[in-house]
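Novice: I'd like to ask you about the structure that follows.
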Amino acid sequence: MKQELLKQIPKVDRVLAWDQMTALAASHPRTELLAAVRQVLDRLRGAVRHNSSVDLSREHLSLLVSAELACRCRPSLREVVNGTGVVIHTNLGRSPLAFEAEEAIRRVSCGYSNLEYDLSSGVRGKRHDHVEGLICELAGAEAALVVNNNAAAVILALSTLALGREVIVSRGELVEIGGSFRIPEVMQQSGAHLVEVGATNCTHVRDYFNAHNDATALLLKVHTSNFAVVGFTAEVSVEELSVLGKKIGVPVMADAGSGCLIDLAPYGIPGEPTVGCYLDAGVDVVTFSGDKLLGGPQAGIIAGKRELLEPMKRHPLMRAFRMDKLSLAALEATLRLYRDERHAICEIPTLRMLTATPVELSRRADRLVRLLRRRLPKTVTLLKHKGESSAGGGSLPLLCLPTTLLEVRISGLSAQQIEQRLRGASQPVIGRIQRERFLLDVRTILEHDMPALEASLGEVAA
Ligand SMILES: *Cc1c(COP(=O)(O)O)cnc(C)c1O
67 MKQELLKQIP KVDRVLAWDQ MTALAASHPR TELLAAVRQV LDRLRGAVRH NSSVDLSREH
127 LSLLVSAELA CRCRPSLREV VNGTGVVIHT NLGRSPLAFE AEEAIRRVSC GYSNLEYDLS
187 SGVRGKRHDH VEGLICELAG AEAALVVNNN AAAVILALST LALGREVIVS RGELVEIGGS
247 FRIPEVMQQS GAHLVEVGAT NCTHVRDYFN AHNDATALLL KVHTSNFAVV GFTAEVSVEE
307 LSVLGKKIGV PVMADAGSGC LIDLAPYGIP GEPTVGCYLD AGVDVVTFSG DKLLGGPQAG
367 IIAGKRELLE PMKRHPLMRA FRMDKLSLAA LEATLRLYRD ERHAICEIPT LRMLTATPVE
427 LSRRADRLVR LLRRRLPKTV TLLKHKGESS AGGGSLPLLC LPTTLLEVRI SGLSAQQIEQ
487 RLRGASQPVI GRIQRERFLL DVRTILEHDM PALEASLGEV AA
């Protein structure tokens, strides 16, 4: 019986000769079509061997080939719906861009631009010039420069300011950000020598003072972005560190991590100092990310004293770390939104999602449920629950934001199966499972995600 069925599975050449394949061949590369046919036939043979029932009709096989081909021709990097509630989700691309940033990318990407050209004088310009003034204005800095990400910013700053010399850091701030960014390793790569002071929970000004000598190039403060130490603790504030730096004649640098440009406390997010706060406190150089709390593209921003930043702009690593024009365009557009705080909160998705109120989120959940109920099969049930979202991206580790969760039930499927199938849908939806329930947090579901969400739920329920 099995042998009989296996014999009935057509050969590759015969399938390729079908009319249905001619249409597919016209719109796809020959090699892809061939690979798709082979894949489908292999899968059928496997199914027959496992005694699964198979439909060997020409129509069905053509549909399978067509689906396989669509799958193969799909880009690898795709949009997904973030239903996790983690706003700055590192695995899902961190900060989604504002509409203005998207427009800016479009304007400079398909033609030429004045990336390094001074339109008023007609001579070579610098790419920093497009954002330096804005950063200085928004952070109250003397000078600024931009690189690919904050990791590059830290390495560039340390290499320029402390090559072959000593940098003093508190033992409570030797952080690992994830992946391979760890302060001790970064320090080593930059050619600076790490001098650890204090203890994990307590570091005092005298610890820095006692460790300094003629070889000291920098006092470094690192934002403990993704963890918190509670209980018996003491840390040296940036103000105290700046006073000490002035007294002993050593510059103070801060790796601020997230790069917050406005005080978020009035919006219910306390405890994150702005870049301006660091500079006001007397810090000489601050580095921060463009795609965490700032809500822009991947970027590393360095702001501070001109005399310290000028050598960084001329450093050989600058060329290796320089930002590309698309990110630069998006960064400029995002920074422009910050000129009006209310505008920034409304237009920058990361800030909008973080500051969404519980009432707003509950209403959005209601609207989503109404819309989806009308259009989805009766086998899909949506239930509202209260829950909590987090900032993510190594920002605000203690922050718990009250939110509304939608539990998705689909008859006949377990929470695991729903999670897996929504993840594998043509427009993937990522949620989380908690106590055997599949949940979507409405906080991180963007307005333009609605059609994808509806389509994917429909696809999985079908
Ligand atoms: C996130 C972070 C970094 C790395 O920034 P990227 O922009 O991801 O390179 C470095 N330092 C701190 C303190 C951070 O929070």
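For reference, each letter of the sequence shown is one residue, going 67 to 528 in this note's numbering.
Heads up, the beta-carbon is just placed ideally off N, CA and C, and yes, glycines get one too.
With a cut-off of 8 Å on the beta carbons, I'd call Leu90 and Leu99 a contact; round off their distance for me.
Specialist: Here residue 90 is taken as the residue at index 24 of the sequence shown, counted from 1. Here residue 99 is taken as the residue at index 33 of the sequence shown, counted from 1. Contact flag correct, Cβ pair sits at about 6 Å.
Novice: Going by beta-carbon coordinates alone, are Ala322 and Val352 separated by less than 7 Å?
Specialist: As a working mapping, residue 322 is identified with position 256 in the sequence shown. As a working mapping, residue 352 is identified with position 286 in the sequence shown. Contact: yes.
Novice: Mind listing, in chain order, the continuous beta strand (DSSP E) runs of no fewer than 3 residues lying wholly within the segment 182 to 227?
Specialist: 209 to 213
Novice: Output needed for Leu397: all residues of its chain with C-beta closer than 7 Å, excluding positions within five of it in sequence on either side, in chain order.
Specialist: Here residue 397 refers to the residue found at position 331 of the sequence shown. Counting only Cβ-Cβ distances below 7 Å, and skipping sequence neighbours, we find Val197, Val212, Gly356, Gly362, Pro363 and Ala365.
Novice: Just to confirm, does Ile249 get its C-beta within under 6 Å of one of the non-hydrogen atoms of ligand 1?
Specialist: Here residue 249 is taken as the residue at index 183 of the sequence shown, counted from 1. No, since every heavy atom of ligand 1 falls outside the 6 Å radius drawn around the Cβ of Ile249.
Novice: Confirm, please, whether the CB-CB distance from Val106 to Glu125 is below 7 Å.
Specialist: The residue you call residue 125 lines up with position 59 of the sequence shown. The residue you call residue 106 lines up with position 40 of the sequence shown. Result no, Cβ atoms of Glu125 and Val106 do not sit closer than 7 Å.
Novice: Using only CA atoms, which one of Ile476, Leu512 and Thr510 lies nearest to Gly524?
Specialist: Looking up residue 524 in the sequence shown gives position 458. Checked all of Ile476, Leu512 and Thr510; the closest Cα to Gly524 is Ile476.
Novice: Only counting the same chain, and skipping five residues up and downstream in sequence, which positions put a Cβ closer than 8 Å to that of Glu166?
Specialist: Position 100 of the sequence shown, counted from the start, is the residue given in the question as residue 166. If we look at Glu166 and ignore the five residues flanking it on each side, its Cβ neighbours are Ala399, Thr400, Arg402, Leu403 and Glu413.
Novice: Considering only residues of the segment 98 to 172, which uninterrupted beta strand (DSSP E) runs meet the minimum length of 3 residues and lie entirely inside it, listed in chain order?
Specialist: 152 to 154
Novice: Going by other Cβ atoms of all chains shown within 10 Å of its Cβ, with 16 needed for buried, is Asn215 buried or exposed?
Specialist: If you number the sequence shown from 1, residue 215 lands on position 149. By the 10 Å Cβ count, Asn215 comes out buried.
Novice: Buried or exposed: where does Asn148 fall if 16 or more other Cβ atoms within 10 Å of its Cβ makes it buried?
Specialist: Looking up residue 148 in the sequence shown gives position 82. Flag for Asn148 reads buried.
Novice: Taking 6 Å as the cut-off, is the C-beta of His289 nearer than that to any heavy atom in ligand 1?
Specialist: One-based indexing of the sequence shown puts residue 289 at position 223. Correct: His289 has its Cβ closer than 6 Å to ligand 1.
Novice: Report the start-end ranges of each beta strand (DSSP E) in the segment 381 to 416 that is 3 residues or longer and not cut off at the edges.
Specialist: Those beta strand (DSSP E) runs which fall completely within the segment 381 to 416 and span 3+ residues do not exist here.
Novice: Nearest to His155 by alpha carbon, out of Thr510, Ala518 and Ser186?
Specialist: Position 89 of the sequence shown holds residue 155. His155 has its Cα closest to that of Thr510, out of Thr510, Ala518 and Ser186.
Novice: Within this structure, are the beta carbons of Lys379 and Asp350 separated by less than 7 Å?
Specialist: Against the sequence shown, residue 379 aligns to sequence position 313. Against the sequence shown, residue 350 aligns to sequence position 284. Not closer than 7 Å, so no.
Novice: Can you tell me whether Met378 is helix, strand or coil according to DSSP?
Specialist: By one-based count along the sequence shown, residue 378 stands at place 312. DSSP places Met378 in helix when its eight states are reduced to three.
Novice: Since Gly420 and Val189 should fall inside the 8 Å C-beta cutoff, what is the C-beta to C-beta distance between them, to a whole number of angstroms?
Specialist: Residue numbering aside, residue 420 sits at position 354 when the sequence shown is read from its first letter. Residue numbering aside, residue 189 sits at position 123 when the sequence shown is read from its first letter. The residue you asked about is not Gly; residue 420 is Leu in the sequence shown. About 43 Å separates the two Cβ atoms, so there is no contact after all.
Novice: Given 6 Å as the limit, tell me if Asn216 has its C-beta closer than that to any heavy atom belonging to ligand 1.
Specialist: Residue 216 sits at position 150 when you count from the first residue of the sequence shown. Yes, the Cβ of Asn216 comes within 6 Å of a heavy atom of ligand 1.
Novice: Any idea if Arg160 is buried or exposed, counting beta-carbon neighbours within 10 angstroms, 16 or more meaning buried?
Specialist: Taking the sequence shown and counting its residues from 1, one reaches residue 160 at position 94. Under this definition Arg160 is a buried residue.
Novice: Counting pairs of Cβ atoms below 8 Å between the segment 293 to 305 and the segment 334 to 347, do you hit three or more?
Specialist: yes
Novice: Count the other CB atoms, across all protein chains shown, that sit within 10 Å of the CB of Pro463; report buried if there are 16 or more and exposed otherwise.
Specialist: On the sequence shown, position 397 is the one that residue 463 refers to. Result: exposed.
Novice: Are the CB atoms of Leu310 and Val261 within a distance shorter than 7 Å?
Specialist: For the purposes of this step, residue 261 is taken as residue 195 along the sequence shown, with counting starting at 1. For the purposes of this step, residue 310 is taken as residue 244 along the sequence shown, with counting starting at 1. Not a contact, by the Cβ cut-off of 7 Å.
Novice: Can you tell me whether Ile367 is helix, strand or coil according to DSSP?
Specialist: As a first step, residue 367 is located in the sequence shown; it is residue number 301 there, counting from the start. DSSP places Ile367 in strand when its eight states are reduced to three.
Novice: Alpha carbons only, please: which of Gly334, Gly297 and Lys192 is nearest the one belonging to Leu465?
Specialist: Position 399 of the sequence shown holds residue 465. Nearest option by C-alpha distance: Gly334.
Novice: Please list the segments of the beta strand (DSSP E) lying wholly inside the segment 273 to 316, counting only runs of 3 or more residues, in order along the chain.
Specialist: 282 to 288
Novice: Across which residues does DSSP place Asp507 in a beta bridge pair?
Specialist: On the sequence shown, position 441 is the one that residue 507 refers to. Answer is Leu471.
Novice: I'd like to confirm something about Asp321: is its beta-carbon nearer than 6 Å to some heavy atom of ligand 1, or not?
Specialist: Counting from one through the sequence shown, the residue named residue 321 turns up at place 255. Result yes, Cβ under 6 Å from ligand 1.
Novice: Determine the burial state of Arg418: buried for a count of at least 16 other Cβ atoms within 10 Å of its Cβ, exposed for fewer.
Specialist: As a first step, residue 418 is located in the sequence shown; it is residue number 352 there, counting from the start. It counts as buried.
Novice: Mapping the DSSP letters down to three states, classify Leu512 as helix, strand or coil.
Specialist: Here residue 512 corresponds to residue number 446 of the sequence shown, with the count starting at 1. Of the three classes helix, strand and coil, the one that applies to Leu512 here is coil, per DSSP.
Novice: Curious, which full-length beta strand (DSSP E) runs of at least 3 residues does the segment 420 to 473 contain?
Specialist: 446 to 458
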